[in-house]
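Single-structure report; data block below.
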Amino acid sequence: ETGVTQTPRHLVMGMTNKKSLKCEQHLGHNAMYWYKQSAKKPLELMFVYSLEERVENNSVPSRFSPECPNSSHLFLHLHTLQPEDSALYLCASSQPDRDGEKLFFGSGTQLSVL
Amino acid sequence: GQQLNQSPQSMFIQEGEDVSMNCTSSSIFNTWLWYKQDPGEGPVLLIALYKAGELTSNGRLTAQFGITRKDSFLNISASIPSDVGIYFCAGQTETSYDKVIFGPGTSLSVIP
């Protein structure tokens, strides 16, 4: 397995459910990101982790909770979401000390909140 | 805050035609990047530009970093059906890995 892998690819959940999105990167990168992609809108940066420490939290509601147990894995824990949270959630990684602006994305998790 | 504008929003072209799209901002950027997103996939980096005036090619793709540092364009020559997708520009104002801003994208459809 190479690159950035996200699971699940699709997720449907109710507003009272708790679920988690998983991301794994096999590129040896030190930084990992969560982005939200809604229709007709630019990608929105949600969280950044560098060397397993959170370095950015762009005013994301607390119903989204990230976790980075090591530099290869990133999770996004979801609870009591709203219908407007339905979107494609993309994970990315990069190597900050070498071409850090070049992001490598996973295929995303398409989330639908009912 | 900083914002990128992309035009056109969408385009439908005939296979074999050349394509041009651009990205503008009111802010100055140090780096411009162009990504392509295929349906059902994440964005993939196509070209990165680091100097004002820089012109870089990647196969049939050519991108330029505007002289004012506030714009960039992407050209695709002799389009083929697999060029279909959404093309995003992204800019970075600081040498900080978490300061990449994305545009809203240009959707390209190629008619065989």
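Going down the list, the protein sequences come from chains A and B. The first sequence begins at 34 in our numbering and counts up by one. The second sequence begins at 732 in our numbering and counts up by one. Idealized CB from N, CA, C, for every residue including glycine. Please read these numbers as outputs of a predicted model, since none were measured by experiment.
Bridge partners - residue i, DSSP secondary structure assignment
i                      : result
residue 132 of chain A : For residue 132 of chain A, which the question treats as bridged, DSSP gives no partner whatsoever.
residue 110 of chain A : A/53 and A/98
residue 68 of chain A  : A/78 and A/123
residue 760 of chain B : Beta-bridge pairing links residue 760 of chain B to no other residue.
residue 43 of chain A  : A/143
residue 787 of chain B : B/794
residue 842 of chain B : B/745
residue 802 of chain B : B/755
residue 738 of chain B : B/753
residue 115 of chain A : DSSP lists no partner for residue 115 of chain A.
residue 58 of chain A  : A/37
residue 103 of chain A : A/106
residue 733 of chain B : DSSP output for residue 733 of chain B lists no bridge partner at all.
residue 767 of chain B : B/775 and B/818
Interface residues of chain B facing residue i [CB-CB closer than 8 Å]
i                     : result
residue 69 of chain A : Within chain B, no residue comes near residue 69 of chain A; the closest Cβ sits about 11 Å away, beyond 8 Å.
Amino acids of chain A, ordered along the chain, whose beta-carbon sits closer than 7 Å to that of residue i
i                      : result
residue 833 of chain B : 75 and 76
Beta-carbon neighbours of residue i, restricted to chain B and to distances below 7 Å
i                      : result
residue 141 of chain A : 773
Residue range of the beta strand (DSSP E) that includes residue i
i                      : result
residue 80 of chain A  : 77-83
residue 89 of chain A  : 86-90
residue 796 of chain B : 792-796
residue 774 of chain B : 774-780
residue 823 of chain B : 816-823
residue 93 of chain A  : First-last for residue 93 of chain A: undefined, no H or E at that position.
residue 811 of chain B : Neither: residue 811 of chain B is in no beta strand (DSSP E) and is coded neither H nor E.
Listed by chain order, chain A residues near residue i by CB distance under 9 Å
i                      : result
residue 779 of chain B : 132, 134 and 135
Chain-ordered neighbours of residue i on chain A, where CB pairs are closer than 8 Å
i                      : result
residue 823 of chain B : 134
residue 755 of chain B : None at all; the shortest Cβ gap to chain A is about 14 Å.
residue 762 of chain B : 134
Under 9 Å from the C-beta of residue i: neighbouring residues of chain B
i                      : result
residue 123 of chain A : 773 and 774
Straight-line gap, residue i to residue j (C-alpha atoms, nearest Å)
i                      : j                      : result
residue 126 of chain A : residue 819 of chain B : 17 Å
residue 843 of chain B : residue 747 of chain B : 9 Å
residue 795 of chain B : residue 55 of chain A  : 36 Å
residue 815 of chain B : residue 771 of chain B : 12 Å
residue 59 of chain A  : residue 113 of chain A : 31 Å
residue 753 of chain B : residue 801 of chain B : 11 Å
residue 107 of chain A : residue 834 of chain B : 25 Å
residue 49 of chain A  : residue 115 of chain A : 9 Å
residue 146 of chain A : residue 138 of chain A : 23 Å
residue 62 of chain A  : residue 36 of chain A  : 10 Å
residue 823 of chain B : residue 43 of chain A  : 31 Å
residue 46 of chain A  : residue 142 of chain A : 12 Å
residue 825 of chain B : residue 804 of chain B : 20 Å
residue 832 of chain B : residue 761 of chain B : 12 Å
Beta carbon proximity, residue i to chain D, threshold 9 Å
i                      : result
residue 756 of chain B : The structure shown contains no chain D; its protein chains are A and B.
Short-range partners of chain B found in the segment 104-129 of chain A, where Cβ spacing is below 7 Å:
123, 127 and 129
Check each residue of the segment 80-102 of chain A: if its Cβ is closer than 8 Å to any Cβ of chain B, include it; give the result in chain order.
81, 83, 88 and 89
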